[in-house]
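Novice: Chains as they are written, first to last, in the working numbering: chain P, 410 to 692; chain H, 410 to 692; chain W, 410 to 692; chain G, 410 to 692. Before I ask anything, here is the structure I am working with.
Number of protein chains: 4
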Amino acid sequence: MNHAILLISCPDAKGITATVTNFIYQNQGNIIHADQHIDDQNNTFLMRIEWSLGGFRLEKGAIGKEFSKIAEQFQMNWELSFTDDLPRVAIFVSKQLHCLHDLLFQYFYGQLRCKIPLVISNHDDARLLVAGFKISFHHVHVTPENKKAQERREIELLKKEKIDLIVLARYHQILSPEFVSEFPRRIINIHHSFLPAFAGKNPYQQAYQKGVKVIGATSHYVNDQLDEGPIIAQDTVQVSHRDTLEDFIRKGMDVEKAVLNRTVHLALQRKILSYGNKTVVFD
Amino acid sequence: MNHAILLISCPDAKGITATVTNFIYQNQGNIIHADQHIDDQNNTFLMRIEWSLGGFRLEKGAIGKEFSKIAEQFQMNWELSFTDDLPRVAIFVSKQLHCLHDLLFQYFYGQLRCKIPLVISNHDDARLLVAGFKISFHHVHVTPENKKAQERREIELLKKEKIDLIVLARYHQILSPEFVSEFPRRIINIHHSFLPAFAGKNPYQQAYQKGVKVIGATSHYVNDQLDEGPIIAQDTVQVSHRDTLEDFIRKGMDVEKAVLNRTVHLALQRKILSYGNKTVVFD
Amino acid sequence: MNHAILLISCPDAKGITATVTNFIYQNQGNIIHADQHIDDQNNTFLMRIEWSLGGFRLEKGAIGKEFSKIAEQFQMNWELSFTDDLPRVAIFVSKQLHCLHDLLFQYFYGQLRCKIPLVISNHDDARLLVAGFKISFHHVHVTPENKKAQERREIELLKKEKIDLIVLARYHQILSPEFVSEFPRRIINIHHSFLPAFAGKNPYQQAYQKGVKVIGATSHYVNDQLDEGPIIAQDTVQVSHRDTLEDFIRKGMDVEKAVLNRTVHLALQRKILSYGNKTVVFD
Amino acid sequence: MNHAILLISCPDAKGITATVTNFIYQNQGNIIHADQHIDDQNNTFLMRIEWSLGGFRLEKGAIGKEFSKIAEQFQMNWELSFTDDLPRVAIFVSKQLHCLHDLLFQYFYGQLRCKIPLVISNHDDARLLVAGFKISFHHVHVTPENKKAQERREIELLKKEKIDLIVLARYHQILSPEFVSEFPRRIINIHHSFLPAFAGKNPYQQAYQKGVKVIGATSHYVNDQLDEGPIIAQDTVQVSHRDTLEDFIRKGMDVEKAVLNRTVHLALQRKILSYGNKTVVFD
């Protein structure tokens, strides 16, 4: 059964929840999940609501138009999606392939509810792996000189494939502000440290030198500042003096995979709402 | 500012959320939190909704009466409470005092939003500690012979103090079904293992003999079966062969305190809804 | 540089550590790691010691013979291995392929220091995946009637390939005591619950029905009792009422992979010493 | 039974372990624990060894003198202690008393193997609490003007009480390099974030503003740089958008207590060896 999902953020006001739920009820929808949060400090109302379209009076195509009146009334940022529309996902990767591999395995066995039409890399290492999953692979070599042109080429590829979500699965190139602005709050990165600690290059080496006793991974939306976008999910694992740098990297990889995995599932279920420099995760 | 909180469970049906939120909206309430969950397997609708009473049209005392019409319509189990009514809490304890101590410390420093009029124990060990916090202490010695009478005495004490919530903070007596039925879903226990493993006596010894590599703690509502009531919260910590039984106990104590602490805060904020043999925790 | 590793367990006595370390020192070995543990309750001495063979006076082949005199003196169970002898590993799997996949990925990228000559399954599902990694795949269909014969066939395959370690990466057949006795303390299983809770079939369904708030995974040596062998590693992850059974399974998979991964690395580094119904993990 | 414990660090060389264990063996000691680690990057040998003095040929007072010959030979930094010498501990605290409270509770119930003769604070808040435990309390008010003098007074108090270990249990004054140099690697601090993230003031506010999804606590030795000393232990806990800043603080407190608790136990058991900017924790 097809479900509709609304993600809403707007200035807080009386009656928002009542108005939204009435809209659904009066059109004969059955609410499956509703979760609401208010950010006091910013006076912001945030909501995720999901309802069944079985017997709903409005056609799928008419819902947005009808809802836009309510949205206007409350100055909402909103996004409407449907569970039978599979999100279209592109994965970017460099030379570390474990996250890519983990995602593609789940995709192959039907555990990721999405369509992955392409993988893009600045290296050729992933070609064979990606080919094995019958996904189109694009090696886009990036240098300081050709970066602008190559990003334009990538944008073209992504637009052509109507990509909804870009997953940087250990992609070690910094995307330009121009690129990012083409896909606002649609690019997810996995960083191999518990941010804000150890941003930037070689976080495991940094962590090893520092002698920390936990390492971790962080998923976040990409914005214009390196490793500074709104955090979605984080996890950590204990390490000790008995762990070599190699052990840090190996143990960290398992955390990276798990955190990215969780994040991609959340994104595909439209459970992440990003506003300001924070996220609300309706899990 | 005083808030009203409704906890609702009922058979799922169309329009529940809309009806409830409309009730609040039309009386000029501002919804602060709303979270809803549907248990598919049991076709059960579960909800927590909290709204500000600033400018609300109904008197505090009239809200329940008015709401009961909606409740009847949807066959709801429901509970209405107000943030300015401090829950009244009794703590039961035996000889291990760390959980009691941790709760009383928070209580003393104003970090627990409740009133604790009494502590009951089947031993005298906690007397001095409790006295130090100016709380009334009752040593109720229980034997197989006097159990019935002593429980009646306890019930009397609890009723007299209008106790809303009973916290078994390492109380090592089994409460009779008669006692439990006087306080349905109002008795919380902390058990020093990750249930359902190591129920019953001496869970750390059991865990140590078994050679497990994690230990844990579980909070749950008390029902008629030992350590079988609906689970509220659980956590675990890594152990190794280097840990002695004494280390298991010490590390476990920190987990017990943290899990019970989290649970009591959830209960005081009316964020736990228990139905069947499960809980919904609106955290 | 090649290292020798000794794993020792024996009745505790004075002078064991001094005698062992002297043996290494007098033969010009440089100790890299030494870790010792005494199980008080069983009066058992347990040790792992690793030394560099650069400049060691004894030939690799002579070390064991020479050491056996010390071993005899202290009635040791001992195992000598060398880091330049790659352990030979067989993986058993049924229909859930995520653990297999994760191990083969690491193997392919040189992150598992071992040789994997074969994968055995009671189903055919893994054939293509295994073939992609150029590893020999054996579909050994097992029924109550043919079990004895099929296990003999498997033992033959394993002996022929000189297998040191068998990894049950979600293999859902119970191995007979005869099979297990052929590979004592050389068979590792991953079970998808935090044992001893939810042993046996469908642990995630059991956990979901029970309403637990953590799920987990356990690796253990296989002995004659189902899910009862000495535990090697365990980990858990938080779940909530918002998680469906499908979510339990998905989140659990990430824990299973991480726990098995950690366990296989420990086994390959000869860091696990199993005695009685417990393990010492020299991590 | 009294045990001797040696903590050793020195440049790596052949024969250290053999020499140390022989020293113990030839004097009829029975080694209870021995754990050794080599830091490859710094070519440093690190060891903790503990043996029973039952039947040991050397008097307690003669062991150090005898051992110093070996220490000289290998240029060791070393520390000899005995389990029947209770470490003398001072606790420093400011206005947040939860860590102090947790430690004193354990102390009172005999769970901390140490002697705590005094608590020092720059505020008067802890006076009553400390008095309840019959421990001497010193309110040492510190201002920029009187800091030097007040620290001299504190040093005097600490020297007079022969303090072995100083625990900063949420003490919010920066100790001067002069003070620190009086107690090298004998001052432990608990910081309420997972360092190196959120060093300095108000880490929970920083974390809340940043929108992180885990918070944590870190124990470390104090050196001349704020929150930069060698890390001993760390742990984290998940948070979500549903947690207010108040919830961050409350959940964090439980992590702080558990991490500091673990650290103090490790220190009392002489299981921490600090060298360079790192620690080895023989747990």
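All residues carry an ideal CB built from backbone N, CA and C; glycine is no exception.
#1: Out of H:Phe-465, H:Val-689 and H:Ala-667, which one is the CA nearest neighbour of His-507 of chain G?
#2: Apply the 10 Å Cβ neighbour rule to Lys-660 of chain P and answer buried if 16 or more other Cβ atoms are within range, or exposed otherwise.
#3: Under the rule that 16 or more other beta-carbon atoms within 10 Å means buried, what is Asn-411 of chain P, buried or exposed?
#4: Could you please tell me which residues of the stretch 416–441 of chain W, in chain order, have their CB closer than 9 Å to any CB of chain G?
#5: Pick helix, strand or coil for Gln-647 of chain G, following the three-state DSSP scheme.
#6: Run down chain G in chain order and give the residues with a C-beta less than 8 Å from the C-beta of Gln-520 of chain H.
#7: Taking C-beta pairs closer than 8 Å, name the residues in chain P that Asp-444 of chain H reaches, listed in chain order.
#8: Please report the residue range of the alpha helix (DSSP H) in which Ile-440 of chain H lies.
#9: May I ask you to verify whether the stretch 509–529 of chain W touches the stretch 482–489 of chain W, counting CB pairs closer than 8 Å and requiring at least 3?
#10: Spell out the partners DSSP gives Tyr-630 of chain G in its beta bridges.
#11: Using a Cβ-Cβ cutoff of 7 Å, what residues of the stretch 632–652 of chain G are near chain W? List them in chain order.
#12: Does the pairing of the stretch 623–634 of chain G with the stretch 585–593 of chain G give three or more beta-carbon distances under 8 Å?
#13: Please list the partners that Pro-605 of chain G has in chain P, where partner means a Cβ-to-Cβ separation under 8 Å.
#14: Of all the CB atoms in chain G, is at least one closer than 8 Å to the CB of His-507 of chain H?
#15: On the DSSP bridge list, what partners appear for Glu-459 of chain G?
#16: With distances taken from CA atoms, which of G:Asp-656, G:Gly-541, G:Asn-436 and G:Leu-577 is nearest Leu-467 of chain G?
#17: Using the beta-carbon count (16 or more within 10 Å), is Arg-671 of chain G buried or exposed?
#18: Would you report the Cα separation of Lys-622 of chain G and Thr-428 of chain G, rounded to the nearest angstrom?
#19: Note down, one range per segment and in chain order, each alpha helix (DSSP H) of at least 4 residues found wholly within the stretch 468–546 of chain P.
#20: Give me, in chain order, the residues of the same chain whose beta-carbon lies closer than 6 Å to that of Phe-542 of chain P; leave out the 5 immediate sequence neighbours on both sides.
#21: Who are the neighbours of Thr-688 of chain P on chain G, taking C-beta pairs under 9 Å?
#22: Got a sec? Which residues, its chain only, sit under 6 Å from Asn-546 of chain G by beta carbon, not counting five neighbours each side?
#23: Thinking just about the alpha-carbon of each residue, which of G:Val-690, G:Ile-525, G:Asn-598 and G:Ile-458 is nearest to the one in Leu-577 of chain G?
#24: Between the C-alpha atoms of Lys-571 of chain H and Thr-552 of chain H, what's the straight-line distance to the nearest angstrom?
#25: Give me the DSSP bridge partner(s) of Ser-683 of chain G.
#26: How would you write the range of the beta strand (DSSP E) that Leu-577 of chain H sits in, first residue to last?
#27: Which of the three DSSP states is assigned to Ile-624 of chain G in this structure?
#28: Output the boundary residues of the alpha helix (DSSP H) element that contains Tyr-617 of chain W.
#29: Closer than 8 Å, Cβ to any Cβ of chain H: which residues of the stretch 538–549 of chain G, in chain order?
#30: Run down chain G in chain order and give the residues with a C-beta less than 7 Å from the C-beta of His-601 of chain H.
#31: Grouping DSSP H, G and I as helix and E and B as strand, with all else coil, what is Ala-422 of chain H?
#32: Count the other C-beta atoms from every protein chain shown that fall within 10 angstroms of the C-beta of Ser-477 of chain H, then say buried if there are 16 or more, exposed otherwise.
#33: Determine the burial state of Ala-558 of chain G: buried for a count of at least 16 other Cβ atoms within 10 Å of its Cβ, exposed for fewer.
#34: Have a look at Lys-610 of chain H and Leu-604 of chain H and give me their C-alpha separation to the nearest angstrom.
Specialist: So, to answer that:
#1: H:Ala-667
#2: buried
#3: exposed
#4: Asp-421, Ala-422, Lys-423, Gly-424, Ile-425, Thr-426, Ala-427, Thr-428, Val-429, Thr-430, Asn-431, Phe-432, Ile-433, Tyr-434, Gln-435, Gln-437, Gly-438, Asn-439, Ile-440 and Ile-441
#5: strand
#6: Arg-659
#7: Ala-443, Asp-444 and Gln-445
#8: Not the alpha helix (DSSP H): Ile-440 of chain H falls in the beta strand (DSSP E), residues 439–448.
#9: no
#10: G:Ile-597
#11: Gln-647
#12: yes
#13: Ala-606, Phe-607, Lys-619 and Val-621
#14: yes
#15: G:Ile-414 and G:His-442
#16: G:Asn-436
#17: buried
#18: 50 Å
#19: 469–482, 507–517 and 536–541
#20: Leu-513 and Phe-517
#21: Gly-620, Lys-622 and His-650
#22: First, the residue type needs correcting, since residue 546 of chain G is Phe and not Asn in the sequence shown. Excluding sequence neighbours, Phe-546 of chain G sits near Val-528, Arg-536 and Val-539.
#23: G:Asn-598
#24: 26 Å
#25: G:Thr-688
#26: 574–577
#27: strand
#28: 612–619
#29: Gly-541
#30: Within 7 Å Cβ-Cβ: nothing; His-601 of chain H doesn't reach chain G, min ~15 Å.
#31: coil
#32: exposed
#33: exposed
#34: 12 Å
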